[in-house]
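Here's the structure, in structure tokens; my notes come after.
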Amino acid sequence: MQRILFICCGNICRSTMAESVFTELARRAGRAGEFVIDSAATSTEEIGNPPHHGTVAKLREVRIPVVAHRARQVRRAEYGNWDRIVYMDAENARGLRRIFDDDPDGKITRLLDWIERPGDVADPWYTGNFDATYRDVLAGCTAMLEQL
Numbered sequence: 002m003q004r005i006l007f008i009c010c011g012n013i014c015r016s017t018m019a020e021s022v023f024t025e026l027a028r029r030a031g032r033a034g035e036f037v038i039d040s041a042a043t044s045t046e047e048i049g050n051p052p053h054h055g056t057v058a059k060l061r062e063v064r065i066p067v068v069a070h071r072a073r074q075v076r077r078a079e080y081g082n083w084d085r086i087v088y089m090d091a092e093n094a095r096g097l098r099r100i101f102d103d104d105p106d107g108k109i110t111r112l113l114d115w116i117e118r119p120g121d122v123a124d125p126w127y128t129g130n131f132d133a134t135y136r137d138v139l140a141g142c143t144a145m146l147e148q149l
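If you count the sequence shown from 1, position 101 lands on 102 in this note's numbering, and the numbers rise without skipping.
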């Protein structure tokens, strides 16, 4: 069983979207039983809040169920619980370094490093563009599922 934790800043937009998308892609592929999926934040800003309404609206539009979720911050003690810790952008990478100090097992990766055109997943909290975020999240999650 692969244990995957998706990470973003507040855990209400991108990481929650990735958790929902990957969960649904694995289900559709008949592979849901192979994975434990969760998401978390590097910051404390949104702890306890539900997914952002823009994330919920986009996922409903594309008929992907939104996972039941409340934002939480990843804890240092969790490092050993996950096979993969997948972040969205350089800010998240800095936050993870602050929390974990190191990645001795090489389990921390950027989502779009799984595709042929690596880069950051833009934060729709700032851009307002949930369509672009969804396209990137879908591409990254699809590639990751195919490679695992």
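C-beta atoms are modelled at their ideal positions from N, C-alpha and C, and glycine is treated no differently.
Do you know whose CA, among the options, lies nearest residue i's CA?
i           : options            : result
residue 144 : 119, 52 and 60     : 119
residue 123 : 133, 51 and 149    : 133
residue 94  : 110, 4 and 130     : 110
residue 116 : 108, 14 and 148    : 148
residue 69  : 89, 97, 13 and 63  : 13
residue 121 : 140, 85 and 104    : 140
residue 7   : 40, 99, 108 and 35 : 40
residue 35  : 55, 58 and 84      : 84
So what's residue i in DSSP terms, helix, strand or just coil?
i           : result
residue 4   : strand
residue 44  : coil
residue 29  : helix
residue 109 : strand
residue 121 : coil
residue 9   : strand
residue 85  : strand
Let me know if residue i comes out buried or exposed under the rule of 16 or more other beta-carbons within 10 Å of its beta-carbon.
i           : result
residue 71  : exposed
residue 18  : buried
residue 27  : buried
residue 138 : buried
residue 45  : exposed
residue 107 : exposed
My assumption, with CB atoms under 8 angstroms, is that residue i sits in contact with residue j. Please give the rounded CB distance.
i          : j          : result
residue 67 : residue 21 : 5 angstroms
Among the residues of its own chain, which have a CB less than 7 angstroms from the CB of residue i, if the five just before and after it don't count?
i           : result
residue 142 : 19, 22, 23 and 26
residue 92  : 10
residue 101 : 77 and 80
residue 49  : 71 and 72
residue 52  : 13, 17, 67 and 70
Ordered along the chain, which non-local residues of its own chain (more than five positions away) have a Cβ less than 8 angstroms from that of residue i?
i           : result
residue 146 : 23, 26, 27, 30 and 32
Within its chain, find whatever has a CB closer than 6 angstroms to the CB of residue i; leave out the 5 residues flanking it on each side and keep chain order.
i           : result
residue 129 : none
residue 59  : 131 and 135
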